[in-house]
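Everything on this sheet refers to the single structure shown next.
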Amino acid sequence: MEFLQQLVNGVSLGSIYALIALGYTMVYGIVKLINFAHGDVFMVGAFIGFYSITILDLGFFPSLLISMVTCAILGVLIERIAYKPLRNATRIAALITAIGVSLLIEYGVIYVRGAQPEAYPGDLIPATSIDFLGVKVSSQSLMILGTSVVLMVLLQFIVHKTKIGKAMRAVSYDMDAARLMGINVNNTISATFAIGSALAGAAGVAFGMYYTKIEPLMGIIPGLKAFVAAVLGGIGIIPGAMVGGLLLGVIESLVSAAGFSLWRDGVAFVVLILILIFRPAGLFGKNVREKV
Amino acid sequence: MNMLKGAKGFWSSIVLAVVFGIVMQFLITGEIINFFYVNTLYFIGINIILAASLHLIIGITGQFSIGHAGFLAVGAYASAIITMKLELPFALGLVAGGVAAAIAGLIIGIPTLRLKGDYLAIATLGFGEIVRIVFLNIEYVGGASGMTVTQLTTWPWLFGSILLTLLVIRNFTNSTHGRACISVRENEIAADAMGINTTYYKVVAFAIGAFFAGVAGALYAHNFFIIQPTNFGFLKSFDILIFVVLGGLGSMSGAVLAAILLTIVSTFLQSYPELRMIIYSLVLIIMMLYRPQGIMGTRELTSFFKFGKSAKGGVNDGSKNTVA
Numbered sequence: 001m002e003f004l005q006q007l008v009n010g011v012s013l014g015s016i017y018a019l020i021a022l023g024y025t026m027v028y029g030i031v032k033l034i035n036f037a038h039g040d041v042f043m044v045g046a047f048i049g050f051y052s053i054t055i056l057d058l059g060f061f062p063s064l065l066i067s068m069v070t071c072a073i074l075g076v077l078i079e080r081i082a083y084k085p086l087r088n089a090t091r092i093a094a095l096i097t098a099i100g101v102s103l104l105i106e107y108g109v110i111y112v113r114g115a116q117p118e119a120y121p122g123d124l125i126p127a128t129s130i131d132f133l134g135v136k137v138s139s140q141s142l143m144i145l146g147t148s149v150v151l152m153v154l155l156q157f158i159v160h161k162t163k164i165g166k167a168m169r170a171v172s173y174d175m176d177a178a179r180l181m182g183i184n185v186n187n188t189i190s191a192t193f194a195i196g197s198a199l200a201g202a203a204g205v206a207f208g209m210y211y212t213k214i215e216p217l218m219g220i221i222p223g224l225k226a227f228v229a230a231v232l233g234g235i236g237i238i239p240g241a242m243v244g245g246l247l248l249g250v251i252e253s254l255v256s257a258a259g260f261s262l263w264r265d266g267v268a269f270v271v272l273i274l275i276l277i278f279r280p281a282g283l284f285g286k287n288v289r290e291k292v
Numbered sequence: 001m002n003m004l005k006g007a008k009g010f011w012s013s014i015v016l017a018v019v020f021g022i023v024m025q026f027l028i029t030g031e032i033i034n035f036f037y038v039n040t041l042y043f044i045g046i047n048i049i050l051a052a053s054l055h056l057i058i059g060i061t062g063q064f065s066i067g068h069a070g071f072l073a074v075g076a077y078a079s080a081i082i083t084m085k086l087e088l089p090f091a092l093g094l095v096a097g098g099v100a101a102a103i104a105g106l107i108i109g110i111p112t113l114r115l116k117g118d119y120l121a122i123a124t125l126g127f128g129e130i131v132r133i134v135f136l137n138i139e140y141v142g143g144a145s146g147m148t149v150t151q152l153t154t155w156p157w158l159f160g161s162i163l164l165t166l167l168v169i170r171n172f173t174n175s176t177h178g179r180a181c182i183s184v185r186e187n188e189i190a191a192d193a194m195g196i197n198t199t200y201y202k203v204v205a206f207a208i209g210a211f212f213a214g215v216a217g218a219l220y221a222h223n224f225f226i227i228q229p230t231n232f233g234f235l236k237s238f239d240i241l242i243f244v245v246l247g248g249l250g251s252m253s254g255a256v257l258a259a260i261l262l263t264i265v266s267t268f269l270q271s272y273p274e275l276r277m278i279i280y281s282l283v284l285i286i287m288m289l290y291r292p293q294g295i296m297g298t299r300e301l302t303s304f305f306k307f308g309k310s311a312k313g314g315v316n317d318g319s320k321n322t323v324a
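Sequence lines, in order, name chains C and U.
The first sequence: position 76 = 76 (this note's numbering), numbered continuously.
The second sequence: position 94 = 94 (this note's numbering), numbered continuously.
Structure (structure tokens):
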């Protein structure tokens, strides 16, 4: 039963990682950029959610929606201001800019509101737990899981059934060919950033509910772990990010359960290095040979 | 003839540097400059070593490593164990710090250097974090509360280390091996096709860079009274990265200049840590948008003194900005 309980915890945590990882993987799939600022968009989402709950006195779903919309706008702004001018620059220049944006958001938030952590209101969802086969599942975990599943289904729908989704797939396949076919590449990339950032915002609110503590530097570690999740599943592949996120969450919970909770943060990176060494394209990816 | 001229410039710059070192030693022992400035000077020195060592990895070999604080941490802890736990002399600690970091560089370099660009960056970042978490969980070195270290770093040790670092890295860059490393930076696949053992050169550059980062770590540890795992997080890695990027990827004097400049700036902004980071990040973004090659590009300081002379085909590859 202990094992099952940890599995349930791992799945709730993993669904948060998966939500963030989706944003990473979409952005990487389309512009081949590790968006380091993604973890900070997640942090901003958590704070927007917090302020809408405490100051505007809204419920869970309106706060989630506000957070997602604000993060989508933030994501598009970041892309337009910092990344777009560098689209043809070297990979290192783009990566350094992403690091710069990440630091700017972190310390901008600290500058505006201070570095002190904030306690998320816990009474938003009635704290009941359901006994399922002897495993306790709290209503919060269910809510987080439900939100994540709905958003992921929605994302699959957008990517596979709508026009913008088709454009996104085309641009990620071959940007120049897509442009020749009359696709507005800039708008498509902005849409990708908007959707990815909105998911990160939702993950931020979910994280706040789950851990009940948020702070301006909280985006770094979950952001990196989500990146690990994206690499684990094969970066650029949407189902891969979901599976990678869930898998990472479960691995982490099991490591904690095995009594190595202090080493928990290290496990994700060990997983990363192992996957990079043995299967660099990820679990779902195919190896592509680079030519001159 | 040209070679002779180059050698003359080389020896005269060493003599100049040694004279500078001796003058500084007199100023410090004579207490002409006060404690605050001496401390800043030490910081600048340590940062110069760090910047130069990362320059070799990123600027010369083109391997985007962003876990340099990990090597700093390995060096710091290894040397602190030597001097504090085993009570051996500081000189041994300095060497042990470098060797331990170089070994760490080999361990991380051999498997991960097969990766390219972004993947390598993220793998080295992960390595830096793993190092931090390992030190956090080892009780022998004090865990989260850290390890107390006596102050043993003195100006002669620091200055000697800086001189040695710059000399080794300069000479390495100008050697056959250095040229091989530059060819890896310019185009790895083409270099491979030309018969260069790219993995070997990447690992060598990585190990040398790690060695000097470890030496810097030893000096860093013995300049404070306490070292803690939190000192060696991402932010430290990014600090070092910024020196190299701002100075110009591929220019050692650029990295050194940036290290001096930014250490002075951050000393003055010490009471406003948030503002310091905001300025840092803005500088980084604006620099990448408008001058992605950094202050110096791939040029060295010495090339500015060669106006009118035959600078073509000289010590470095001119003002090309081709860092991958």
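C-beta: ideal position from N, C-alpha, C; glycine also.
Given the structure is predicted, the values throughout are model-derived calculations rather than measurements.
inquiry  = Please report whether the beta-carbon of U/Met288 lies at a distance below 7 Å from any beta-carbon of chain C.
reply    = yes
Within 10 angstroms of its Cβ, does U/Tyr201 collect 16 or more other Cβ (buried), or is it exposed?
buried
Between the beta-carbon of U/Thr165 and the beta-carbon of U/Ala51, is there less than 7 Å?
no
List the residues that DSSP assigns as beta-bridge partners of C/Ile214. C/Glu118
### Query
What residue from U/Phe90, U/Ala96, U/Val134 has the CA that sits closest to C/Phe260's CA?
U/Val134
Minimum C-alpha distance to U/Leu282 - residue among C/Ile81, C/Glu2, C/Arg179:
Considering only alpha carbons, the answer is C/Ile81.
Query raised in the report: What are the boundary residues of the beta strand (DSSP E) that C/Phe132 is part of?
Result: Its beta strand (DSSP E) spans residues 129 to 132.
For U/Pro156, does the count of other Cβ atoms within 10 angstroms reach 16, so buried, or fall short, so exposed?
Looking at its Cβ environment, which holds fewer than 16 other Cβ atoms inside 10 Å, U/Pro156 is exposed.
For U/Ser266, which of U/Val256, U/Tyr280, U/Ala255 has the nearest alpha-carbon? U/Tyr280
- Item | U/Met1 versus U/Thr173: straight-line alpha-carbon distance, rounded | Residue confidence is low: U/Met1 scores 43 on pLDDT, short of 50, so the model does not pin down where it sits. Its coordinate-derived value is still stated next. One C-alpha to the other measures close to 21 Å.
Would you list, in sequence order, the uninterrupted alpha helix (DSSP H) runs of no fewer than 4 residues that lie entirely inside the segment 174 to 235 of chain U? 176 to 186, 188 to 193, 198 to 221
Rounded straight-line distance, which links the Cα of U/Ile48 to that of U/Ser13: 17 Å
Next on the checklist: Give me the DSSP bridge partner(s) of U/Met147.
Outcome noted: Answer is U/Ile227, bridged to U/Met147.
Item to complete: Return no unless some Cβ of chain U is closer than 7 Å to the Cβ of C/Leu142.
Response: The C-beta of C/Leu142 comes no closer than 7 Å to any C-beta of chain U.
**Presumed contact (8 Å Cβ cut-off) between C/Ala119 and C/Leu33, rounded CB distance** = 35 Å between Cβ atoms; not a contact.
C-alpha gap between C/Met26 and C/Thr90, whole angstroms:
20 Å
* **Coil, strand or helix - C/Lys136 by DSSP** => strand
Problem - Of the listed residues C/Glu79, C/Ile30, C/Ala46, nearest to C/Lys213 (C-alpha basis) - result: C/Ala46
Measuring straight from C-alpha to C-alpha, what distance separates C/Ile92 and U/Tyr220?
28 Å
What number of angstroms, rounded off, separates the C-alpha of C/His160 from the C-alpha of C/Val150? Distance from the CA atom of C/His160 to the CA atom of C/Val150, rounded to whole angstroms, is 15 Å.
Contact list for the segment 83 to 101 of chain C against chain U, Cβ threshold 7 Å:
Pro85, Leu86, Ala89, Thr90, Arg91, Ile92, Ala93, Leu95, Ile96, Thr97, Ile99, Gly100, Val101
Checklist line | Reference U/Thr150, options U/Val203, U/Ala80, U/Ile182, closest by Cα | finding: Comparing alpha-carbon positions, the option among U/Val203, U/Ala80, U/Ile182 lying closest to U/Thr150 turns out to be U/Ala80.
Please identify, using Cβ separations under 7 Å, the residues of the segment 143 to 160 of chain U that lie next to chain C, in order along the chain.
none
Discussion item. Against chain C, which members of the segment 230 to 248 of chain U pass a CB distance test of less than 7 Å?
Written reply: Phe234, Phe238, Val245
- Pull up the distance between the alpha-carbon of C/Met209 and that of C/Ile144, whole angstroms please. Roughly 8 Å between the two C-alpha positions.
Helix, strand or coil at U/Ser271 according to DSSP, with G and I counted as helix: Coil.
Do U/Gly217 and U/Ala76 have their CB atoms nearer than 7 Å? yes
With three or more C-beta pairs closer than 8 Å as the rule, is the segment 38 to 57 of chain C touching the segment 178 to 190 of chain C? No, the segment 178 to 190 of chain C does not touch the segment 38 to 57 of chain C.
Exercise. Once you ignore the five residues that flank U/Arg276 on each side, which residues in its own chain have a CB closer than 7 Å to its CB?
Worked result: Ser266, Leu269
(request) Quick one: give me the first and last residue of the alpha helix (DSSP H) that U/Ser53 is part of. (result) 35 to 54
I need the DSSP call for C/Pro280, collapsed to helix, strand or coil. coil
Label C/Pro85 either buried or exposed according to how many other C-beta atoms from any shown protein chain fall within 10 Å of its C-beta, with 16 as the threshold for buried.
exposed
| request: Given a cut-off of 7 Å, decide if U/Ala210 and U/Gly45 are closer than it, judged by their beta-carbon atoms. | output: The answer is no: Cβ separation not under 7 Å.
Backbone CA spacing between C/Arg87 and C/Leu95 [nearest angstrom]: 11 Å
Buried or exposed: C/Asn187, going by 16 or more other Cβ atoms within 10 Å of its Cβ? exposed
Task: Any C-beta of chain C under 7 Å from that of U/Met277 - done: Judged by the 7 Å Cβ criterion, U/Met277 is in contact with chain C.
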